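Novice: Here the protein sequences line up with chains U and V, keeping their order. Under my numbering, the residue at position 302 of the first sequence is numbered 302, and the numbers go up by one with no gaps. Quick note, my numbering runs 1000 ahead of the 1-based positions in the second sequence. Virtual Cβ for every residue (Gly too), placed ideally from N, Cα, C. Owing to the predicted nature of the structure, the values given are computational and were not obtained by experimental measurement. Quick one: this structure, given as structure tokens, is what I'll be asking you about.
Protein chains: 2
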Amino acid sequence: MRTTIKDIAEYTGLSVTTISLVLNGKADKIPEKTKEKILKAVDHLGYRPNQVAVGLVKKTTKTIGLIISDIRNVFFSNLAKGVEDECRRNGWNLILCNTNDMHERDLAYIRVLADKGVDGILYAMSVDSNREKTIESLTLMESTRIPYVMLDRTFREKCSHYVVTNHELGGYLATQHLLELGHRHIACVTGPLHLDDSLFRLEGYKRALSEYDVPYNADLIYEGDYTLEGGRASVKALANIPHTAIFAFNDMSAYGVHNALKMQGFEIPKDYSLVGYDNIFFSEILDPPLTSVHQPVYEVGKEATKLLIKMTPKSADKSVQELVLTPHLVIRKSTQKPNKE
Amino acid sequence: MRTTIKDIAEYTGLSVTTISLVLNGKADKIPEKTKEKILKAVDHLGYRPNQVAVGLVKKTTKTIGLIISDIRNVFFSNLAKGVEDECRRNGWNLILCNTNDMHERDLAYIRVLADKGVDGILYAMSVDSNREKTIESLTLMESTRIPYVMLDRTFREKCSHYVVTNHELGGYLATQHLLELGHRHIACVTGPLHLDDSLFRLEGYKRALSEYDVPYNADLIYEGDYTLEGGRASVKALANIPHTAIFAFNDMSAYGVHNALKMQGFEIPKDYSLVGYDNIFFSEILDPPLTSVHQPVYEVGKEATKLLIKMTPKSADKSVQELVLTPHLVIRKSTQKPNKE
DNA sequence: CTGTTAGCGCATTCAC
DNA sequence: GTGAATGCGCTAACAG
């Protein structure tokens, strides 16, 4: 049996109250001698307060939940690391929830986390969430009254607390780089176009184009799915549309493009310049190393956690509500001046 | 305020006990009518038991802790996914703890998890743990009386519950493959040789060698550190030792080798055959795709969780105590018959 | 069949 | 300065 506060009381011959007072730093009027006696007993018996009991009476568990789709995804593991590191710095703990992008699991986990009395929830919504499902999730979330912060996606209609990266800017930076090099026919391998991030990156692409007076050509846009296979497929689909550069909306599909292009005997960047998005560590190792847009994912996790902690009833600071972090372009060897035309 | 069991009692005009009984499936003698009434009220008021309170009285939290060094490491994120999936299937939850391989944090997290009343701990010890530290950790662990399972490493002296992969066999398989192809001078880029996994892989390497009557040559062994940089450095270090193949003890250092070799104008597998270990997803994309030993990491997480759940007081099944999972070789394009000699 | 009571481990208000 | 009493939300003997 674990030693309880009662054991300390018996051992010292004092009451439970006194022990509790000194252990919680509210012992203004307790003489040093008593304090010492208690601390010594605590140390001797190895007493540590049962946090379940503390949680019941204080109504706080020093625990937050993180709802993501799949921790194996490099994006989310980076995020989770940022979250956990910030948690540790504040003496909090993290419950990890993988939904595999199933809306139903979002709901289930929100309920479970509420049951467990978490003090906050970091929520990266499942991508299968359409407008209706999003509203369902957020309605449930708000019915729990638990502070929450949305990650990587927003839904301003219902939720004003979020941390995202600027996808529009990322799309712009990648495209601008290619335009600056002289490319005028730039293909896009997007993600699913019902997702905000893909949509915004495409917006950035268009903005860059118009800034350089390059007409937008819808034929150059291939709607991918953020997978390796999608990237490979895009190469086939774009084969007959003249272009000198490809902007893949994530590194994974860039690898697919890279792979398929090589199979067909093309060289990067000689025949095609290629830009990715995410700057996964592997992009550095690729041959040639991949130019890619870097998103501060770890920071998203870290900042979101900070925000969430601020929203805790205890330190109810409602000042900062949203954060848009800035991506930047990492230029490597997969891009150069166009060769053909 | 969240609705409590008391609210249901008032609402239905019944006592708290009755509510508790039907909600916990112990209502043999409660008439259907009463049950229905209660269930309806529960549904209507959206009542869900506060798990903190339940935990306090039942002394179980349906939560386990996972202590690893860094979730960003592909190995651990795969592991964690296996753990979390199995948890979900059993209605459990997971608290994630990253130690960054700092022994002190191992200790801190063990204490915190115990304070939180977790029902079990999955423990992948920090690599900076020498014999003394290992004993310290496990002694602390056992003082909590919380069931635990060690992951990926063993310490039979104190702990008999673990799930590992067979590193010796993995080392053997990789080496055997190269020997079978005709290689007789096989360099090794190991991990830190004070770690069991590295040591065992080297043992497997030696066993394969002796089976094929190839003398062991210590000059061919380069002690790396499982990093990209380590892999790169090994190429320089091994430059003057004649060899036709390289067995890197993890994929990351294999990438380093691959990279450095290419920089020097060598071709894989023409000039050197290369085998990695871990079979990280990227190994498939590498050019040429990397032959690698696949460890069933997800399964390690999954099986360890199953084991842990079995060890729970409720279903105290002490039968299975250890599990050694089997790796296998995935042959791709980075290995072929030796060209030189 | 259902209600009363006690207690899980702790924090806290109010007396002494 | 310190202790007794109360309650957090729930489960589980034990009555009746």
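Using the rule of at least 16 other Cβ atoms within 10 Å of the residue's Cβ for burial, across every protein chain shown, is E1341(V) buried or exposed?
Specialist: The residue labelled residue 1341(V) in the question sits at position 341 within the second sequence. Because E1341(V) carries a pLDDT of 47, less than 50, the predicted location of this residue cannot be relied on, and no value is offered for it.
Novice: Exposed or buried, what is V1324(V) when buried is set at 16 or more other beta-carbons lying within 10 Å of its beta-carbon?
Specialist: In the second sequence, the residue the question calls residue 1324(V) occupies position 324. That one is exposed.
Novice: Using a Cβ cut-off of 7 Å (strictly closer), state whether G346(U) contacts chain V.
Specialist: Since the first and last residues shown for chain U are 1 and 341, residue 346(U) lies out of range.
Novice: Less than 7 Å between CB atoms is the rule here; does Q264(U) satisfy it with respect to chain V?
Specialist: For the purposes of this step, residue 264(U) is identified with residue 264 of the first sequence, where counting begins at 1. Not one chain V Cβ lies under 7 Å of Q264(U).
Novice: Could you tell me if Y1349(V) is buried or exposed, where buried requires 16 or more neighbouring beta carbons within 10 angstroms of its beta carbon?
Specialist: As shown, chain V starts at 1001 and ends at 1341. That puts residue 1349(V) outside it, with no answer to give.
Novice: Considering only residues of the same chain and omitting the five flanking positions on each side of S129(U), which have a CB-CB separation below 8 Å?
Specialist: In the first sequence, the residue the question calls residue 129(U) occupies position 129. Result list for S129(U): H103, D106 and S137, in chain order.
Novice: I need the DSSP call for C1159(V), collapsed to helix, strand or coil.
Specialist: Locating residue 1159(V) in the second sequence gives position 159, where the first residue counts as 1. C1159(V) falls in the coil class under three-state DSSP.
Novice: Measure the Cβ-Cβ separation of R1072(V) and N339(U) and say whether it is below 7 Å.
Specialist: Within the second sequence, residue 1072(V) is the residue found at index 72, counting from 1. Within the first sequence, residue 339(U) is the residue found at index 339, counting from 1. It is not a contact, given that the beta carbons lie outside the stated cut-off.
Novice: Is the segment 168-187 of chain U touching the segment 280-288 of chain U in the sense that three or more CB pairs, one from each, lie closer than 8 Å?
Specialist: Touching, no, given that fewer than three Cβ pairs across the two stretches are closer than 8 Å.
Novice: Relative to the alpha-carbon of D1197(V), which residue among L1023(V), A1124(V) and Y1011(V) has its alpha-carbon at the smallest distance?
Specialist: Against the second sequence, residue 1197(V) aligns to sequence position 197. Here the closest residue by C-alpha is A1124(V).
Novice: Less than 8 Å between the CB atoms is what I'm expecting for Y148(U) and G191(U), so what's the real figure, rounded?
Specialist: Taking the first residue of the first sequence as position 1, residue 148(U) is located at position 148. Taking the first residue of the first sequence as position 1, residue 191(U) is located at position 191. About 25 Å separates the two Cβ atoms, so there is no contact after all.
Novice: Any residues in the segment 135-154 of chain U with a beta carbon nearer than 7 Å to a beta carbon of chain V? Which ones, in chain order?
Specialist: Going along the segment 135-154 of chain U in chain order, one finds no residue with a Cβ nearer than 7 Å to chain V.
Novice: Does DSSP classify F1247(V) as helix, strand or coil?
Specialist: Locating residue 1247(V) in the second sequence gives position 247, where the first residue counts as 1. F1247(V): strand per DSSP, three-state reduction.
Novice: Using the beta-carbon of each residue, which ones in chain U are nearer than 9 Å to Y1255(V)?
Specialist: Within the second sequence, residue 1255(V) is the residue found at index 255, counting from 1. Neighbours of Y1255(V) on chain U, chain order: F282 and I285.
Novice: Looking only at DSSP bridge pairs, what is M1150(V) linked to?
Specialist: The residue labelled residue 1150(V) in the question sits at position 150 within the second sequence. According to DSSP, M1150(V) bridges with Y1123(V) and Y1162(V).
Novice: Please report how far the alpha carbon of I1064(V) lies from the alpha carbon of L1122(V), in whole angstroms.
Specialist: The residue you call residue 1064(V) lines up with position 64 of the second sequence. The residue you call residue 1122(V) lines up with position 122 of the second sequence. The alpha-carbon atoms of I1064(V) and L1122(V) are separated by roughly 8 Å.
Novice: In angstroms with no decimal places, state the Cα-to-Cα distance between C1097(V) and K1116(V).
Specialist: Within the second sequence, residue 1097(V) is the residue found at index 97, counting from 1. Within the second sequence, residue 1116(V) is the residue found at index 116, counting from 1. Those two C-alpha atoms are separated by around 13 Å.
Novice: What are the uninterrupted segments assigned as alpha helix (DSSP H) that are 4 or more residues long and contained completely in the segment 1165-1245 of chain V, given in chain order?
Specialist: Whole alpha helix (DSSP H) segments, 4+ residues: 1167-1181, 1196-1211 and 1228-1237.
Novice: On the CB-based measure, 16 or more other CB atoms within 10 Å of its CB, does I1331(V) come out buried or exposed?
Specialist: Here residue 1331(V) is taken as the residue at index 331 of the second sequence, counted from 1. Label assigned to I1331(V): exposed.
Novice: Using only the alpha-carbon positions, how far apart do T3(U) and R1145(V) sit?
Specialist: Along the first sequence, one-based indexing puts residue 3(U) at 3. Along the second sequence, one-based indexing puts residue 1145(V) at 145. If you take the alpha carbons of T3(U) and R1145(V), they lie about 12 Å apart.
Novice: With 7 Å set as the bound, which would you pick, yes or no: does the beta-carbon of N130(U) sit closer than that to a beta-carbon of chain V?
Specialist: Position 130 of the first sequence, counted from the first residue, corresponds to residue 130(U). Not one chain V Cβ lies under 7 Å of N130(U).
Novice: For a contact defined as C-beta to C-beta under 7 Å, what are the partners of S77(U) on chain V?
Specialist: Numbered from its first residue, the first sequence carries residue 77(U) at position 77. Neighbours of S77(U) on chain V, chain order: I1071, R1072 and S1077.
Novice: Report the three-state DSSP secondary structure of Y1283(V) (helix, strand or coil).
Specialist: One-based indexing of the second sequence puts residue 1283(V) at position 283. As written in the sequence, residue 1283(V) is Ser, which differs from the Tyr given in the question. Three-state DSSP puts S1283(V) in a helix.
Novice: Would you decide whether G13(U) is buried or exposed? Buried here means 16 or more other CB atoms lie within 10 Å of its CB.
Specialist: For the purposes of this step, residue 13(U) is taken as the residue at position 13 of the first sequence. So G13(U) counts as exposed.
Novice: Got a sec, what are the start and stop residues for the alpha helix (DSSP H) L1056(V) sits in?
Specialist: Here residue 1056(V) corresponds to residue number 56 of the second sequence, with the count starting at 1. Here the alpha helix (DSSP H) through L1056(V) covers Q1051 to K1058.
Novice: Measuring only between beta-carbons, confirm whether E341(U) sits less than 7 Å from chain V.
Specialist: The count along the first sequence starts at 1 and reaches residue 341(U) at position 341. Unreliable positioning characterises E341(U) in this predicted model, as indicated by a pLDDT of 47, which lies under 50. The coordinate reading is nonetheless provided below. With 7 Å as the cut-off, E341(U) does not count as an interface residue toward chain V.
Novice: Residues of chain V with CB under 8 Å from D115(U), in chain order?
Specialist: The residue labelled residue 115(U) in the question sits at position 115 within the first sequence. Those are R1048, P1049, N1050 and Q1051, listed as they occur along chain V.
Novice: Chain U partners of K1270(V), CB-CB under 7 Å?
Specialist: Taking the second sequence and counting its residues from 1, the one referred to as residue 1270(V) is at position 270. In chain order: nothing, as chain U lies at least about 16 Å away.
Novice: Return no unless some Cβ of chain V is closer than 7 Å to the Cβ of G120(U).
Specialist: Translated into positions along the first sequence, residue 120(U) becomes position 120. Answer no: the Cβ-Cβ gap between G120(U) and chain V never drops below 7 Å.
Novice: Looking at the strands, I want to know which residues DSSP matches up with Y1277(V).
Specialist: Within the second sequence, the letter at position 277 stands for residue 1277(V). According to DSSP, Y1277(V) bridges with V1293(V).
Novice: Which whole runs of the alpha helix (DSSP H) in the segment 83-138 of chain U are 4 residues long or more, in chain order?
Specialist: Correct list: 103-115.
Novice: What is the residue span of the alpha helix (DSSP H) that E1032(V) lies within?
Specialist: To locate residue 1032(V), count along the second sequence from 1; it is residue 32. E1032(V) -> alpha helix (DSSP H) spans E1032 to L1045.
Novice: Can you look up G13(U) in the DSSP assignment and give me helix, strand or coil?
Specialist: On the first sequence, residue 13(U) is found 13 positions in, with the first residue counted as 1. Coil.
Novice: Y343(U) and I67(U): beta carbons closer than 7 Å?
Specialist: This structure cannot settle anything about residue 343(U), because the visible part of chain U is limited to 1 through 341.
Novice: If you follow the beta strand (DSSP E) that I67(U) is in, where does it begin and where does it stop?
Specialist: Numbered from 1 along the first sequence, position 67 holds the residue referred to as residue 67(U). Counting along the chain, the beta strand (DSSP E) containing I67(U) begins and ends at T63 to I68.
Novice: Any beta-carbon of chain V closer than 7 Å to the one on N90(U)?
Specialist: Reading the first sequence from its first residue, position 90 is the one you call residue 90(U). No - not a single Cβ of chain V is within 7 Å of the one on N90(U).
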